[in-house]
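Notes follow the structure.
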């Protein structure tokens, strides 16, 4: 899990405004939280690269709080800011150990190969087996401006890669092979027209990652 540096040094690339309170590594406070509408495939915001965050202030902490509520209500295990229409490079996640936030995250290396039945809250009701690296090393910052470095594998690594794609304007549809893409085209068209995904004939074993 996230391991904030014990000594972030004299300089942090993320400024921190006075008055914004949150414990390191966790989502922000628990005051006045509300849920967002999750943007779904077809919304142009999902195809745009999110912007770097230069300052953590009270507004950003409230955004994180509301994103966590939205993620739980969906339900999902991760949610990136562009999915709620905010073009900022951050995501929240919880794989069973409490909500965490990563600001300006970067995957610095990865390796191996792992197949997982991957779903997405922005492509609701659909999932496909997708191959991604099995392990990743991710770095970023928490809401206190502390550097975070995480060595993740399998499920957590998958969550990180999925959320990073959202920050770069990439949906899991772009990770499909040729046969999957043909299946997806019809299913997504129906989803966009009716708001409901068609029933997939194969069994679904994965979880919505975000």
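Numbering (the numbering used here), first residue to last: 1 to 210.
For glycine and all other residues, C-beta sits at the position ideal for the given N, C-alpha and C.
query: Contact between the segment 75-93 and the segment 165-181: three or more CB pairs below 8 Å?; result: yes
query: Within a Cβ cutoff of 6 Å, which residues of the same chain sit near residue 42, ignoring the five residues on either side of it in sequence?; result: 192
query: Which same chain residues end up closer than 6 Å to residue 128 when comparing Cβ atoms and leaving out the 5 residues on each side of it in sequence?; result: 176, 180
query: Can you find a CB in chain B that lies within less than 7 Å of the CB of residue 177?; result: Although the question refers to chain B, the structure presented lacks it and comprises just one protein chain.
query: Quick check on the DSSP output: what are the complete alpha helix (DSSP H) runs of length 4 or more inside the segment 29-102, in order along the chain?; result: 58-73
query: Got a sec? Which residues, its chain only, sit under 7 Å from residue 156 by beta carbon, not counting five neighbours each side?; result: 95
query: Please return the same chain residues whose Cβ sits closer than 8 Å to the Cβ of residue 133, not counting the five positions on each side in sequence.; result: 110, 111, 112, 113, 114, 157, 161
query: Cβ atoms of residue 105 and residue 140: under 7 Å apart, would you say?; result: yes
query: Within the continuous beta strand (DSSP E) that includes residue 163, where are the two ends?; result: Counting along the chain, residue 163 falls outside any beta strand (DSSP E), though it belongs to the alpha helix (DSSP H) covering 154-167.
query: Where do the N-terminal and C-terminal ends of the beta strand (DSSP E) with residue 126 fall, by residue?; result: 123-132
query: Please report the straight-line C-alpha distance between residue 190 and residue 62, rounded to a whole angstrom.; result: 35 Å
query: Leaving out the 5 sequence neighbours to the left and right, which residues in its chain are closer than 6 Å to residue 151 when beta-carbon positions are compared?; result: 137
query: Is it the case that the Cβ atoms of residue 107 and residue 118 are separated by a distance below 7 Å?; result: no
query: Going by DSSP in three states, residue 171 sits in which element: helix, strand or coil?; result: coil
query: In terms of alpha-carbon separation, which member of 116, 173, 49 lies closest to residue 154?; result: 116
query: Let me make sure I understand the geometry here. Which of 123, 99, 49 has the alpha-carbon closest to that of residue 66?; result: 99
query: Do you know offhand how far residue 68's Cα is from residue 183's?; result: 32 Å
query: How many Å lie between residue 178 and residue 90 at the Cα?; result: 31 Å
query: Could you give the distance in angstroms between the alpha-carbon of residue 46 and the alpha-carbon of residue 73?; result: 20 Å
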